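In this note's numbering, the protein residues as written are 3 to 263. The beta carbon of each residue, even a glycine, is placed where N, CA and C say it ideally should be. Only a predicted model underlies this, so the values are computations on that prediction, with no experimental measurement involved.
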């Protein structure tokens, strides 16, 4: 089927770029290694009986069974899934700049077929990226993402959906890939900071709840605490409508700008 052929082409084109893999997989794993090394140097309870509890309260923001490493792992998964959407969006903008899409549309391929195929390919790329991070963090750093694999799949797919929709919006808004990359990267870093992801605390109160990162992270955290799929309800009730709204906005932006390559 033509749509799947286009999706396959998008996936191959992405993974053909040898720079993307070290950035999207290697960098978060390296950061995890640094954080885990620092965490291992923290005095044990035998030296400071209150040490572990203090670290847990300060870094996680509440007394729970979560460790600092788990909290940081969640931040990395969410943030780098969103950053992957930036790379996909800027790649699409670059193709428009180089008139690659215009040449594609000059063939018998329908515009709708190309867009659906491209979105399918990008969705698979984001899913593979997030899943690979989760798998490698579990294997290398023994990160426990909770007992519910179905719940883990649901929240990951939802985060991928929202990230993809967000990337589509920005892809339609900008004509310059470098400008788009800078703006989107800044927005994601700011959202990660406001959600408490970069400071490993509870964030900035009610302000944190206006970020995608906070709701996505809460979903993973609930699973890490041993809760079931039902614990995802609040996060899903926010993220899914948000993803749908961003998808509608992306459609409006594309039509308004008359984007056709």
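Contacts around residue i, its chain only, beta-carbon distance under 6 angstroms, and the 5 residues preceding and following it disregarded
| i | result |
| --- | --- |
| residue 12 | 120 and 123 |
| residue 84 | 165 and 190 |
| residue 218 | 80 and 161 |
| residue 125 | 166 |
| residue 251 | 171 |
| residue 75 | 139 and 145 |
| residue 94 | 173 |
| residue 182 | 92, 95, 172 and 176 |
Through-space distance from residue j to residue i, alpha-carbon basis
| i | j | result |
| --- | --- | --- |
| residue 34 | residue 146 | 14 angstroms |
| residue 196 | residue 134 | 26 angstroms |
| residue 99 | residue 180 | 11 angstroms |
| residue 101 | residue 224 | 45 angstroms |
| residue 206 | residue 117 | 38 angstroms |
| residue 25 | residue 131 | 11 angstroms |
| residue 28 | residue 82 | 11 angstroms |
| residue 23 | residue 138 | 13 angstroms |
| residue 113 | residue 212 | 34 angstroms |
| residue 70 | residue 41 | 8 angstroms |
| residue 37 | residue 214 | 23 angstroms |
| residue 115 | residue 140 | 37 angstroms |
| residue 253 | residue 174 | 9 angstroms |
| residue 78 | residue 39 | 16 angstroms |
| residue 257 | residue 240 | 26 angstroms |
| residue 148 | residue 229 | 8 angstroms |
| residue 155 | residue 105 | 37 angstroms |
| residue 188 | residue 136 | 24 angstroms |
CB contact flag (residue i, residue j, <8 angstroms)
| i | j | result |
| --- | --- | --- |
| residue 91 | residue 193 | no |
| residue 234 | residue 142 | no |
| residue 88 | residue 199 | no |
| residue 150 | residue 231 | yes |
| residue 245 | residue 163 | yes |
| residue 208 | residue 68 | no |
| residue 159 | residue 129 | yes |
Minimum C-alpha distance to residue i - residue among the options
| i | options | result |
| --- | --- | --- |
| residue 177 | 255, 191, 127 and 116 | 255 |
| residue 222 | 142, 126, 153 and 110 | 153 |
| residue 18 | 127, 142 and 6 | 127 |
| residue 96 | 248, 15 and 226 | 15 |
| residue 110 | 4, 68, 155 and 136 | 4 |
| residue 21 | 188, 86, 182 and 94 | 86 |
8 angstroms CB neighbourhood of residue i in its chain, flanking five on each side removed
| i | result |
| --- | --- |
| residue 157 | 218, 221, 222, 225, 234, 237 and 238 |
| residue 6 | 119 and 122 |
| residue 248 | 164, 167, 168, 170 and 171 |
| residue 210 | 196, 197, 198, 204 and 216 |
Neighbourhood of residue i by C-beta distance below 7 angstroms, restricted to the same chain and skipping five residues each side
| i | result |
| --- | --- |
| residue 9 | 119, 122, 123 and 126 |
Beta carbon proximity, residue i to chain B, threshold 8 angstroms
| i | result |
| --- | --- |
| residue 247 | Here chain B cannot be found, since the structure has a single protein chain. |
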